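Novice:
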Amino acid sequence: MTKEDLINIKKHGRWRITLQDAYSKFFFILFPLGIVVVGAFAALSGFKNNVVSLKICSIIILMTGFFLTFFVGKKLYQNQIFQRFQIHGLTQDKIEITLKRAGFNNIKYYSVGYYTATTNMSGFSWGEEVTIIFDDDYILVNSRPNGNTFSFFQPFTIFKDRHNIKKITDGLT
Numbered sequence: 010m011t012k013e014d015l016i017n018i019k020k021h022g023r024w025r026i027t028l029q030d031a032y033s034k035f036f037f038i039l040f041p042l043g044i045v046v047v048g049a050f051a052a053l054s055g056f057k058n059n060v061v062s063l064k065i066c067s068i069i070i071l072m073t074g075f076f077l078t079f080f081v082g083k084k085l086y087q088n089q090i091f092q093r094f095q096i097h098g099l100t101q102d103k104i105e106i107t108l109k110r111a112g113f114n115n116i117k118y119y120s121v122g123y124y125t126a127t128t129n130m131s132g133f134s135w136g137e138e139v140t141i142i143f144d145d146d147y148i149l150v151n152s153r154p155n156g157n158t159f160s161f162f163q164p165f166t167i168f169k170d171r172h173n174i175k176k177i178t179d180g181l182t
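Heads up: take any position in the sequence shown, counting from 1, add 9, and you land on the numbering used here.
(1) DSSP beta-bridge partners for Leu53?
(2) Can you check whether the CB of Gly180 is closer than 9 Å to the CB of Arg93?
(3) For Asp146 and Gln29, I'd like the C-alpha separation in whole angstroms.
(4) Report the rounded CA-to-CA distance for Ile116 versus Met130, giving the unit in angstroms.
(5) Quick one: give me the first and last residue of the beta strand (DSSP E) that Lys117 is part of.
(6) Please work out which residues of its chain come closer than 7 Å, Cβ to Cβ, to Arg23, disregarding the five sequence neighbours upstream and downstream, and give them in chain order.
(7) Is Ala111 helix, strand or coil when you go by DSSP?
(8) How long is the line joining the alpha carbons of Thr178 and Pro41, rounded to whole angstroms?
(9) Quick check: Gln95 and Ser152, are their CB atoms within less than 9 Å of each other?
(10) Looking only at its own chain, which residues have a Cβ that is under 8 Å from the Cβ of Thr11, when we skip the five neighbours before and after it?
(11) Just mark Lys84 as buried or exposed, buried being the case when its beta carbon has 16 or more other beta carbons within 10 Å.
(12) At what residues does the alpha helix (DSSP H) containing Leu85 begin and finish?
(13) Looking only at its chain, what residues have a beta carbon closer than 7 Å to the beta carbon of Lys176, apart from the 5 residues adjacent to it on each side?
(14) In whole angstroms, what separates the C-alpha of Phe113 from that of Phe75?
(15) Under three-state DSSP, which class holds Arg25?
(16) From Thr182 to Thr27, what distance separates their C-alpha atoms?
(17) Would you report the Cα separation of Val150 and Thr100, rounded to the nearest angstrom?
(18) Measuring only the C-alpha atoms, how far is Lys64 from Thr78?
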């Protein structure tokens, strides 16, 4: 991350969207949108030909597609934004001690003014990279897939992201 990226994140509270994000992360939302399209065509055919079983099936497919689209969209949005917390008396040492106590791995401080740490693998996650940017009495925290080969195929980590961020904020307060 460059100094310009850091200033942009502090100003807007989110990562910049790059071309790599578009084809490696946002491409994943096409699958649930495809389910919605299939459900819409099935519904159109069911209502046009008055086939009750096709109507019911299409409604189930549409609901599943909309749910998956919402769920994946929320995860992709959560990967982009930083949550801002006000914490008084914040120091670099306090952040580093908190990250170690919370069980994060590969804790690194970068001279432009931010920390990164990674989480362990779990049943639904190949690991997350937590980024902490501090600005006076505020910290900005983001948890996103750590960038390995399969990291864009893990949309089921919303609760783990929240848990990681909660561990950090609880340790700093």
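Built from N, CA and C at the ideal position, the CB exists for glycine as well. Remember, it's a predicted structure, so these values are computed and weren't measured experimentally.
Specialist: Put simply:
(1) Per DSSP, none; premise fails for Leu53.
(2) no
(3) 33 Å
(4) 16 Å
(5) Asn114 to Tyr119
(6) Gln89, Ile90 and Phe91
(7) coil
(8) 33 Å
(9) no
(10) Val121
(11) buried
(12) Val61 to Gln89 is the extent of the alpha helix (DSSP H) around Leu85.
(13) Same-chain partners within the cutoff: Ala111.
(14) Cα to Cα, the separation comes out at about 35 Å.
(15) coil
(16) For the pair Thr182 and Thr27, the Cα-to-Cα distance works out to about 34 Å.
(17) 15 Å
(18) 21 Å
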